[in-house]
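Q: There's a structure below that I have some questions on.
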Amino acid sequence: MWGDFDPDISDIDLLVVVRQDVDKELFDTLDAFHQTLEAQFPDWAGRIEIAYISATALETFKTQRSPISVISPGEPFNTKDAGLDWLINWYTIRAQSMVVYGPAAEDIIPAIWTEEFRTAVRDQIDEWVDWVVHTRDSRPYQAYAILTMCRALFAVQTGLQTSKSQAAYWAIQHHPTQAERITNALRWRERHRDHVENPDATYPDAVAMVEYAARVH
0 MWGDFDPDIS
10 DIDLLVVVRQ
20 DVDKELFDTL
30 DAFHQTLEAQ
40 FPDWAGRIEI
50 AYISATALET
60 FKTQRSPISV
70 ISPGEPFNTK
80 DAGLDWLINW
90 YTIRAQSMVV
100 YGPAAEDIIP
110 AIWTEEFRTA
120 VRDQIDEWVD
130 WVVHTRDSRP
140 YQAYAILTMC
150 RALFAVQTGL
160 QTSKSQAAYW
170 AIQHHPTQAE
180 RITNALRWRE
190 RHRDHVENPD
200 ATYPDAVAMV
210 EYAARVH
């Protein structure tokens, strides 16, 4: 909950803590539910992110991997393993979230030290050096990469998480050599529905921002 939700761009993120791992029967039921939800609310198609994970998996995420079932923008509903690589998510939920039903996040997610969070963010930045190639054909995805780097740099310096927009304005002030790229990314994000003839032309900006973040973090 960052305070700058944009109903035209932002997605909705929800963590559902279940008593036990999602089995095939429950998975199929949830999959059908998600498809129905997108059919009934087409404006939100591809903008819903929900993770289903057991309470035991949350309690032990630092020491072992456990199943998590996830649907997110660009990712159909699926089950995979989650462990320490989800630390950023759990840190964010502990620090700033709203409970819809059930106990407080800090009662079911173990304590995460700020330096653990910073280390995880640095690792994520380094992973983007190889991952940024996947943004070549999509200007909105290039904007996502640039703004994600803004948020990562903010997190490393402050130990806090914030929205992409707020992090972008912070980064413009604290990393002025990247200001033009960041400003462009904010504009591309606002115009995410525009047809782009040549996303290759702006791809070098995404690469440059990721490489810059990897260099200075």
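Residue 130 in numbering that gives the first Met the number 0 is what sits at position 131 of the sequence shown, and the numbering runs on without skipping anything.
Think of the CB as a built atom: it goes at the ideal place given N, C-alpha and C, for glycine as much as any other residue.
Could you give the uninterrupted runs of the beta strand (DSSP E) lying entirely in the stretch 58-110, keeping only those of 3 residues or more?
A: DSSP runs (the beta strand (DSSP E)) wholly in the stretch 58-110: 65-71 and 74-81.
Q: Taking the C-alpha atoms as reference points, what is the distance between residue 117 and residue 81?
A: So the two alpha carbons sit approximately 19 Å from each other.
Q: For the putative contact between residue 50 and residue 14, defined by C-beta atoms under 8 Å, what is the C-beta separation to the nearest angstrom?
A: Yes, they are in contact, since the Cβ atoms of residue 50 and residue 14 sit about 5 Å apart, within 8 Å.
Q: Among 85, 44, 74 and 48, which one has its Cα closest to the Cα of residue 61?
A: For the residues 85, 44, 74 and 48, the minimum Cα distance to residue 61 belongs to 85.
Q: So what's residue 145 in DSSP terms, helix, strand or just coil?
A: Helix, per DSSP.
Q: Hey, residue 198 and residue 137: beta-carbon distance below 7 Å or not?
A: Closer than 7 Å, so yes.
Q: What is the DSSP secondary structure of residue 44, reduced to helix, strand or coil?
A: Residue 44: coil per DSSP, three-state reduction.
Q: If you follow the alpha helix (DSSP H) that residue 209 is part of, which residue opens it and which one closes it?
A: That run of the alpha helix (DSSP H) goes 202-215.
Q: Could you check which residue in 190, 155, 160 and 150 has the C-alpha nearest to that of residue 171?
A: For residue 171, the nearest C-alpha among the options comes from 150.
Q: Okay, do the stretch 102-122 and the stretch 67-74 touch, 3+ Cβ pairs below 8 Å being the bar?
A: Touching, no, given that fewer than three Cβ pairs across the two stretches are closer than 8 Å.
Q: Would you please state the rounded distance, in angstroms, between the beta carbons of residue 155 and residue 121? I believe it to be under 8 Å.
A: Correct: roughly 6 Å between the Cβ atoms.
Q: How should residue 174 be labelled, buried or exposed, when 16 other C-beta atoms within 10 angstroms of its C-beta is the threshold for buried?
A: Answer is buried; the Cβ neighbour count reaches 16.
Q: Excluding five sequence neighbours on each side, which residues of the same chain lie with their C-beta closer than 7 Å to the C-beta of residue 58?
A: Cβ neighbours of residue 58 beyond the five flanking positions: 109.
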